[in-house]
Every structure is written in structure tokens, then in C-alpha cells.
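Chemist: Sequential numbering of the sequence shown, starting at 83, is according to this note's numbering. Glycine residues also receive a C-beta, built at the ideal position from the N, C-alpha and C atoms. The structure under discussion is supplied below as C-alpha cells; questions concerning it will follow.
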Amino acid sequence: MLKVLKFGGSSMANAAQYAKVKAIVEADASRSVVIVSAAGKRSRDDHKVTDLLYLCHAHMKYGVSCDSVFGMISQRYLEIRDALGLKTDLEAELARIRADMENGMTEAALASRGEYLSALLMADYLGFEFVDATRWLRFRMDGSVDCDCSYPALREIAAGRKIVIPGFYGAMADGGIRTFSRGGSDITGALAAAALDADVYENWTDVSGILMADPRIVDNPEPIPRVTYTELRELSYLGAQVLHEDTIFPVAEKNIPLNIRNTNDPAHPGTIIKERFDEDESPDDGRRFITGIAGKKDYSVVSISKRGLSSEIGAIRKLLEIFEAHGLAVEYTPNGIDTFSLVVSGSKLEKVQHSIVAQLQEKLNPDEIQVTKDLAIVAAVGRRMANRPEIPGKIFSALGREGINIRLISQGPWEVNVILGVEGKDFAAAVRVLYDSFVK
Ligand code: ASP
Numbered sequence: 083m084l085k086v087l088k089f090g091g092s093s094m095a096n097a098a099q100y101a102k103v104k105a106i107v108e109a110d111a112s113r114s115v116v117i118v119s120a121a122g123k124r125s126r127d128d129h130k131v132t133d134l135l136y137l138c139h140a141h142m143k144y145g146v147s148c149d150s151v152f153g154m155i156s157q158r159y160l161e162i163r164d165a166l167g168l169k170t171d172l173e174a175e176l177a178r179i180r181a182d183m184e185n186g187m188t189e190a191a192l193a194s195r196g197e198y199l200s201a202l203l204m205a206d207y208l209g210f211e212f213v214d215a216t217r218w219l220r221f222r223m224d225g226s227v228d229c230d231c232s233y234p235a236l237r238e239i240a241a242g243r244k245i246v247i248p249g250f251y252g253a254m255a256d257g258g259i260r261t262f263s264r265g266g267s268d269i270t271g272a273l274a275a276a277a278l279d280a281d282v283y284e285n286w287t288d289v290s291g292i293l294m295a296d297p298r299i300v301d302n303p304e305p306i307p308r309v310t311y312t313e314l315r316e317l318s319y320l321g322a323q324v325l326h327e328d329t330i331f332p333v334a335e336k337n338i339p340l341n342i343r344n345t346n347d348p349a350h351p352g353t354i355i356k357e358r359f360d361e362d363e364s365p366d367d368g369r370r371f372i373t374g375i376a377g378k379k380d381y382s383v384v385s386i387s388k389r390g391l392s393s394e395i396g397a398i399r400k401l402l403e404i405f406e407a408h409g410l411a412v413e414y415t416p417n418g419i420d421t422f423s424l425v426v427s428g429s430k431l432e433k434v435q436h437s438i439v440a441q442l443q444e445k446l447n448p449d450e451i452q453v454t455k456d457l458a459i460v461a462a463v464g465r466r467m468a469n470r471p472e473i474p475g476k477i478f479s480a481l482g483r484e485g486i487n488i489r490l491i492s493q494g495p496w497e498v499n500v501i502l503g504v505e506g507k508d509f510a511a512a513v514r515v516l517y518d519s520f521v522k
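Structure, rendered in C-alpha cells:
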């Protein structure tokens with residue numbers, strides 16, 4: 083049994099958090115590969131070390147002294163080391179980074195030092211071996227990860243060892259450091275889990291799993307116990323934020339379960355994400371066929387109506403080609419007999435709307451073109467929505483009671499979701515109505 087664990091910034095924020103991490107790792111002998119983020123915020127108005135590192139780089143670039151910002155970073159790590167009574171020679175590490183900065187260290191190399199220092203300290207504290215990410219995580223020049231090269235390299239290094247790896251970065255073929263986009267330690271963890279064919283990838287953060295709805299909209303939403311990769315993609319696409327969006331590919335590909343856990347509440351089982359669940363793993367209590375509720379604002383709908391449109395061969399292709407030529411992704415396409423609607427990003431449409439409308443006019447000669455702005459999409463995502471004839475009725479009546487007007491409705495062919503379009507002003511209310519009618 084092998085478990086790969088990733089601890090996020092809040093789990094690495096101070097000595098007290100390090101102690102929780104140690105207790106978690108030591109509670110299970112199979113927890114042998116640990117990936118860490120840079121020190122995150124200790125309180126609401128604190129700073130993330132990674133932000134401070136980017137700030138240092140900006141100071142250097144414009145010739146402003148970064149001594150005080152670098153001092154804050156050094157202080158964070160020295161405090162942790164001293165509070166834990168560790169022996170890591172941080173002074174030498176910090177002096178080396180400072181010298182590299184004077185010699186024109188790249189932004190990525192500097193930004194990566196938060197994870198690097200976290201991993202040095204955590205390795206010392208756990209008594210694990212420190213394995214630099216540059217020893218195995220290889221990027222191609224185009225920024226993608228070269229798994230064929232990275233996976234075997236990690237397998238060789240990690241065999242039979244207990245190790246700590248800094249997240250967020252790796253090396254390019256020329257040896258230079260490259261980082262993922264922000265929040266990328268999640269991806270490092272997923273890649274390590276995939277490389278080592280781990281039994282589980284535990285992603286430790288500061289919430290007890292993925293919540294069923296946005297906590298800024300719904301009070302105390304419940305965590306989701308089990309979610310499939312497909313559902314998670316639906317939820318994240320629609321704005322639910324838990325993991326870096328590229329996290330799931332490496333583990334999903336190898337069917338490795340991903341478990342989101344809370345460092346501050348380690349007894350909570352969190353959320354398990356898998357390719358699929360057997361029926362006995364997710365008992366249907368008649369209520370929980372909804373996995374989560376998510377949504378996004380800022381959509382526009384372009385609707386074309388023309389008598390005979392549905393029987394005009396090639397008309398829809400021409401329509402789609404116009405959007406394609408303008409680089410505009412069409413997200414949903416609800417339609418009627420002789421009307422066709424395309425739901426697109428509102429801000430992106432804004433820039434090309436006149437040109438699109440002109441071309442639609444010219445190439446399709448429709449009876450009418452309508453652009454509806456400020457639409458929000460709200461979706462209920464769930465596995466077992468098929469054979470649930472009561473769902474649409476329930477949704478319509480709950481929204482109707484609240485006076486929310488439904489502008490479009492679409493149910494995914496795999497019945498993974500029900501998508502509703504409402505006016506932007508009704509967004510939060512619609513999320514709450516769906517949550518209250520399906521979860522409470
Ligand atoms: N420290 C990096 C960031 O703040 C990466 C991470 O924490 O995942 O984005």
C-alpha cells in the first residue's frame with residue numbers, strides 16, 4: 083500500500099500546522115511520499131510566500147530594493163525551523179537564493195523557492211529524504227509535462243524510500259526551472275501518485291472536501307462524500323474551486339482515487355473522487371442523487387430564427403463556422419424548431435459581436451437575430467439523474483416560487499447534469515433554491 087500526500091499552503095503556514103502534518107503522516111505507515119506547497123496565509127490578511135516571491139522579482143526587475151520583502155520570507159521559514167527545533171541550515175539556503183537573485187534568477191526559479199524551503203524543512207521534521215522536483219519532473223519546451231521521462235525517474239528515486247518533494251515546479255531539458263500555473267502543487271502530487279501507481283492520492287487542505295455549493299452563496303454547504311471525475315469536471319468547469327483544474331488528469335488516467343482531506347480535521351473522511359462508484363459504495367438514500375450545485379455568470383445568448391431553419395441543410399454548420407472563425411467557444415446550444423441559440427462567454431462576445439451579427443446576417447439571412455446578455459448558468463450535477471421524472475418539475479416549481487425566471491434549460495445526454503440559464507441578478511438565489519430543494 084502506497085499513499086501519496088500533498089499538503090497545501092495553509093497546512094504549511096506555521097509550526098503548529100507542521101505538527102498536524104507530522105501527526106497525519108505518522109498515523110499511517112503507507113503515507114510515504116509527501117508533496118508540499120510554500121507557506122500560505124496564517125490569517126486572513128497575512129501573505130502567501132509565493133506572492134512575496136513574485137513581489138521580490140518585480141522589485142528586482144524595476145530596480146527597487148526587495149530586502150524587506152525577502153526579509154519577510156526568510157522570517158517565515160526561520161520561525162518555523164526554530165519553533166520546531168530543526169537543524170536545517172536555512173541561513174545558507176537563503177544566502178544562496180539571495181545571491182542567485184543578484185545574478186538574474188528567473189521569475190519561475192525564484193517563485194519555486196517557497197516550495198523548495200518548505201520541503202527542506204518538512205523532510206527534516208519528518209525524518210524523510212528531501213527529493214528536489216528538478217530530479218524527476220521534466221517539462222517539455224512547450225510547457226507540457228514529459229511523463230515518459232518523469233515517471234520512471236521518480237520510480238527509481240522513490241523506490242522503498244520515504245520522501246518529501248516540493249510541489250509547483252520541475253525542470254526543463256536545459257535545466258532551467260519551470261513552474262505550473264498558480265496552485266500547481268496539486269498537479270505535482272497527482273503526477274507523483276500516477277508515477278508511483280499509488281493506491282490513493284490524498285490532497286490535504288483546509289476544508290473537509292469539496293462542498294456541495296459555493297460557501298459564499300450557501301451557508302455551511304455540506305461536503306460531498308463521493309464524486310466521479312466526470313462530475314468533478316462539470317462542477318469545476320462551472321466554477322467550483324477546490325483543485326487546480328489540471329490535477330485530475332494524471333490520477334484519473336490511472337484510476338487512482340483522489341481523497342480531499344482537511345489537515346485541521348483529520349478524522350473527517352473528506353471527499354473521495356474516483357472514476358466510478360459501485361452501487362454499494364454510494365447507497366442511494368433517495369435524496370442524494372445530486373452531487374453538487376455550481377454555476378457561472380457572464381454568459382450571452384445569440385439566437386437566430388428563420389422559417390425553415392431546421393430543414394435547411396448546412397445552416398447550422400455555417401452558423402457554427404462564424405463563431406469558430408471569431409475564436410468564440412460555444413458552450414451550450416439550446417434550440418427550437420426554427421430557432422437556434424448559442425450560449426457564449428459574455429465578455430468574449432462583446433469584443434466581436436458586431437462582426438458576428440453582420441456575418442450571420444449575410445450568410446444565413448435570418449428573420450431575426452437576438453442577443454440576450456447577462457445570463458447566468460446554474461447546474462445541478464449528479465450521477466443518477468436518469469429515470470428521475472420528478473426532477474424538472476421540482477426545479478421549475480422551486481424556482482417559480484421564488485419568482486426566478488428560467489431562460490433556458492438543458493439536460494446533459496448522460497444525465498450527469500441539469501443546466502439552467504437565469505438572469506444574472508437571479509444567480510445566487512437560483513443556486514440557493516437548487517441547494518435547498520435538493521440537499522436540505
Ligand atoms: N505556492 C504556489 C501558489 O501559491 C503553488 C501551490 O501552492 O500549489 O500558487
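1) How about serine 492 and isoleucine 486: do their beta carbons lie closer than 8 Å?
2) Check whether the Cβ atoms of proline 305 and leucine 293 lie closer than 8 Å to each other.
3) Answer yes or no: the CB of glycine 266 versus the heavy atoms of the ligand ASP, is any distance below 7 Å?
4) Enumerate, from N- to C-terminal direction, the unbroken alpha helix (DSSP H) stretches of 4 or more residues contained entirely within the region 268-320.
5) On a Cα-Cα basis, can you pick out the residue from Ile117, Ala280 and Glu108 that is closest to serine 93?
6) At a threshold of 7 Å, does glutamate 197 count as lining the ligand ASP (C-beta to nearest heavy atom)?
7) In whole angstroms, what separates the C-alpha of valine 453 from that of glutamate 394?
8) Considering only C-alpha positions, which residue in the set Val439, Asp456, Leu176 and Thr415 is nearest to phenylalanine 428?
9) Report the residue ranges of all alpha helix (DSSP H) runs contained in full by the region 460-490; include only those spanning at least 4 residues, in chain order.
10) Looking at C-alpha atoms only, which residue of Lys356, Met254 and Ala376 is the closest neighbour of aspartate 296?
11) With 16 other CB atoms within 10 Å as the buried threshold, where does arginine 483 fall?
12) Residues in the same chain with beta-carbon distance under 6 Å from leucine 202, minus the five sequence neighbours each way, listed in chain order, please.
13) Less than 8 Å separating the beta-carbons of isoleucine 386 and proline 332?
14) Considering only heavy atoms of the ligand ASP, does any lie closer than 7 Å to the CB of lysine 130?
15) Apply the 10 Å Cβ neighbour rule to aspartate 366 and answer buried if 16 or more other Cβ atoms are within range, or exposed otherwise.
16) Mind checking isoleucine 419: buried by the 16 CB within 10 Å criterion, or exposed?
17) Could you say which of Glu175, Ser147 and Cys148 lies nearest to leucine 160 if we only look at CA atoms?
18) Please report the Cβ distance between glycine 352 and serine 263, rounded to the nearest whole angstrom; I am assuming they are in contact, meaning their Cβ atoms lie under 8 Å.
19) Determine the burial state of glycine 396: buried for a count of at least 16 other Cβ atoms within 10 Å of its Cβ, exposed for fewer.
20) So if DSSP puts glutamate 450 in a beta bridge, which residue, or which two residues, is it bridged to?
21) Let me confirm a value: lysine 445 is counted as buried when at least 16 other C-beta atoms fall within 10 Å, else exposed. Which label applies?
22) Please find out if some non-hydrogen atom of the ligand ASP comes closer than 7 Å to the beta-carbon of glycine 271.
23) Which same chain residues end up closer than 6 Å to valine 521 when comparing Cβ atoms and leaving out the 5 residues on each side of it in sequence?
24) For the candidate residues Pro348, Ile459 and Lys336, whose alpha-carbon lies nearest to that of lysine 379?
25) Using the DSSP secondary-structure output, state which residues sit across from serine 492 in a beta bridge.
26) Roughly how many angstroms lie between the CA atoms of alanine 280 and valine 227, to the nearest whole one?
27) Let me confirm a value: tyrosine 144 is counted as buried when at least 16 other C-beta atoms fall within 10 Å, else exposed. Which label applies?
28) Are at least three pairs of beta-carbons, each pair with one atom in the region 152-167 and one in the region 265-283, less than 8 Å apart?
29) State buried or exposed for glycine 464, treating a residue as buried only when at least 16 other CB atoms are found within 10 Å of its CB.
30) Beta carbon of serine 119: closer than 7 Å to some heavy atom of the ligand ASP?
31) Taking 7 Å as the line, does the beta carbon of phenylalanine 89 fall inside it for any heavy atom of the ligand ASP?
32) Could you give the residue range of the alpha helix (DSSP H) that holds lysine 104?
33) Taking one C-beta from the region 214-226 and one from the region 236-248 each time, how about it: are there three or more such pairs within less than 8 Å?
34) Quick one: what's phenylalanine 405 bridged to in DSSP?
35) Does the distance from the CB of alanine 274 to the CB of lysine 336 come in under 8 Å?
Modeler: Walking through what the data contain:
1) No, they are not a contact pair.
2) Between proline 305 and leucine 293, the C-beta gap is smaller than 8 Å, which places the two residues in contact.
3) Yes, the ligand ASP has a heavy atom inside 7 Å of this Cβ.
4) Entirely contained in the region 268-320, the alpha helix (DSSP H) runs reaching 4 residues are, in chain order, 311-319.
5) When only C-alpha atoms are compared, the closest one is Ile117.
6) Yes.
7) For valine 453 and glutamate 394, the distance between alpha carbons rounds to 22 Å.
8) Sequence check: residue 428 is glycine here, not phenylalanine. Looking only at Val439, Asp456, Leu176 and Thr415, the smallest Cα-Cα distance to glycine 428 is reached by Asp456.
9) Listed in chain order, the alpha helix (DSSP H) runs fully inside the region 460-490 are 472-483, counting runs of at least 4 residues.
10) Checking every option, the nearest Cα to that of aspartate 296 belongs to Ala376.
11) Classification of arginine 483: exposed, given that the 10 Å Cβ count is below 16.
12) Around leucine 202, the same chain offers Thr170 and Phe212 as residues with beta carbons nearer than 6 Å, after the five sequence neighbours per side are excluded.
13) Cβ distance not < 8 Å, so isoleucine 386 and proline 332 don't count as in contact.
14) At least one heavy atom of the ligand ASP is nearer than 7 Å to the Cβ of lysine 130, so yes.
15) Since pLDDT at aspartate 366 reaches only 48, below the 50 mark, its modelled position is unreliable, and the value read off the structure follows with that caveat. Exposed is the call here.
16) Isoleucine 419 is classed as exposed because its beta carbon has fewer than 16 other beta carbons within 10 Å across all chains shown.
17) In this structure, Glu175 is the residue among Glu175, Ser147 and Cys148 with its C-alpha nearest to the C-alpha of leucine 160.
18) Not quite, the Cβ-Cβ distance comes to about 24 Å (not below 8 Å), so this is no contact.
19) Classification of glycine 396: exposed, given that the 10 Å Cβ count is below 16.
20) According to DSSP, which records beta bridges pairwise, glutamate 450 is partnered with Ser387.
21) Looking at its Cβ environment, which holds fewer than 16 other Cβ atoms inside 10 Å, lysine 445 is exposed.
22) No, the Cβ of glycine 271 stays beyond 7 Å of every heavy atom of the ligand ASP.
23) Within the same chain, valine 521 has close Cβ partners Met294.
24) The shortest Cα separation from lysine 379 among Pro348, Ile459 and Lys336 belongs to Ile459.
25) Its beta-bridge partners are Ile501.
26) Looking at the two C-alpha atoms, the distance is approximately 19 Å.
27) So tyrosine 144 counts as exposed.
28) For the pair of segments examined, the region 152-167 was found not to touch the region 265-283: the number of CB pairs separated by less than 8 Å stays below three.
29) Glycine 464 should be labelled buried.
30) Serine 119 Cβ: within cutoff of the ligand ASP.
31) No, Cβ of phenylalanine 89 sits at least 7 Å from all heavy atoms of the ligand ASP.
32) Its alpha helix (DSSP H) spans residues 97-108.
33) A contact is defined here as three or more CB-CB pairs under 8 Å, and the region 214-226 meets this definition with respect to the region 236-248.
34) Note: phenylalanine 405 sits in no beta bridge, so no partner.
35) Not closer than 8 Å, so no.
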